[in-house]
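Engineer: Before anything else, here's the structure in question.
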Amino acid sequence: MSKWMERYRQAVKAMLWIAPAMVINENVVTIKSISGSSMQPTMNPRDRTMDDVVILDRLSAASSFPFRDLLYKGKPPIRHGDIVVLRSPVDPNLMITKRVIAMEHDMVKTLPPYPESMVKIPQGHIWVEGDEPFRSNDSNTFGPVSMGLVDSKVRCIIWPLHRFGAALFPHSLSSSRSSLGPGGPERRQEMDAIAREKRWRSRVLRHSLHSDTV
């Protein structure tokens, strides 16, 4: 076998691996770093030396994927409390990371500078906010956002290693007893997270369609 034929075979084998990998990266899962401080302290805490690197679930936002509902067992792929990556409604070149506070048909009590005190979320839209309200440009500035702008859902932190698997989603308030001790930074962080969740939950009147639990 000639040297060129062997190179051709190796190139074909590489393409057979590259094509599925590209499909998975574009439509199923991908790995990205998260920049900015609007999701502190959940992501990119103040004492960090590098940005968090996360796994993004892109399938959750792919409404046209034929088997998506089966994979999520009939539950909504995007739910209250999820952290999502979406295209900014005011700058299409900017991708932002926020938490889903309210879903379609919910009523949400807004925060300044939003001009109305209460908003009903239109069909096909969500209300998103940063965990750090004083550093976040979110729905309290630009209002409800279309689900069509959602690119993916953050699944977990994978880097840096000491933050691997850090909690991103709301704590279950009905089972908030922790295995952590009564003191220490981890316990304080957990209690802070529970307090933040209580605050945003208290501002949302869920529609009866949203019976999902987080």
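Quick note on numbering: the sequence shown equals residues 432 to 645 in the numbering used here.
All residues carry an ideal CB built from backbone N, CA and C; glycine is no exception.
As an exercise, report each continuous beta strand (DSSP E) stretch of at least 3 residues that is fully enclosed by the segment 541-590, in chain order.
Structural biologist: Fully enclosed beta strand (DSSP E) runs of 3 or longer: 549-551, 556-560, 581-590.
Engineer: Taking only three categories from DSSP, how would you classify Ala492?
Structural biologist: Looking at Ala492 - three-state DSSP - the assignment turns out to be helix.
Engineer: How close, in whole Å, do the beta carbons of Asp582 and Arg489 come, if the pair is a contact with beta carbons under 8 Å?
Structural biologist: Yes, they are in contact, since the Cβ atoms of Asp582 and Arg489 sit about 7 Å apart, within 8 Å.
Engineer: Which class does Ile462 belong to by DSSP, given the choice of helix, strand or coil?
Structural biologist: Strand at Ile462.
Engineer: Evaluate the contact criterion for the segment 538-545 versus the segment 510-526: three or more CB pairs, one atom per stretch, below 8 Å.
Structural biologist: Cβ pair count under 8 Å is below three, so no.
Engineer: In chain order, what residues of the same chain have a beta carbon less than 6 Å from the beta carbon of Ala597, not counting five sequence neighbours either side?
Structural biologist: These residues qualify, in order along the chain: Ile588.
Engineer: Can you round the beta-carbon distance between Pro508 and Ser491 to whole angstroms, since I take them to be within the 8 Å contact cut?
Structural biologist: That belief holds up - the Cβ atoms of Pro508 and Ser491 are roughly 4 Å apart, short of 8 Å.
Engineer: Would the beta-carbon of His511 fall within 8 Å of that of Glu535?
Structural biologist: Contact flag unset, no.
Engineer: Should Arg462 and Arg586 be called a contact, given that it needs their Cβ atoms to be closer than 8 Å?
Structural biologist: Checking the displayed sequence, the identity of residue 462 turns out to be Ile instead of Arg. Against a cut-off of 8 Å, the Cβ pair of Arg586 and Ile462 comes out as no contact.
Engineer: Give the secondary structure of Met481 by DSSP, where H, G and I count as helix, E and B as strand, and everything else as coil.
Structural biologist: Coil at Met481, not helix or strand.
Engineer: Going by the beta-carbon positions, is the gap between Trp427 and Val516 smaller than 8 Å?
Structural biologist: Nothing in the structure corresponds to residue 427, since the chain is present only between 432 and 645.
Engineer: What does the Cβ neighbour count give for Pro546, buried or exposed, with the cut at 16 atoms within 10 Å?
Structural biologist: Pro546 comes out exposed.
Engineer: In angstroms, rounded to a whole number, what distance separates the CA positions of Glu628 and Leu636?
Structural biologist: When rounded, the distance between both Cα atoms is 14 Å.
Engineer: What residues are listed by DSSP as bridge partners for Thr528?
Structural biologist: Val516, per the DSSP bridge assignment.
Engineer: Which residues share a DSSP beta bridge with Ile486?
Structural biologist: DSSP, once it has assigned bridges, lists Ile462, Cys587 as partnering Ile486.
Engineer: Which of helix, strand or coil does DSSP assign to Leu592?
Structural biologist: Leu592 falls in the helix class under three-state DSSP.
Engineer: Here's the rule I'm using: 16 or more other beta-carbon atoms within 10 Å means buried, otherwise exposed. How should Arg630 be labelled?
Structural biologist: By the 10 Å Cβ count, Arg630 comes out exposed.
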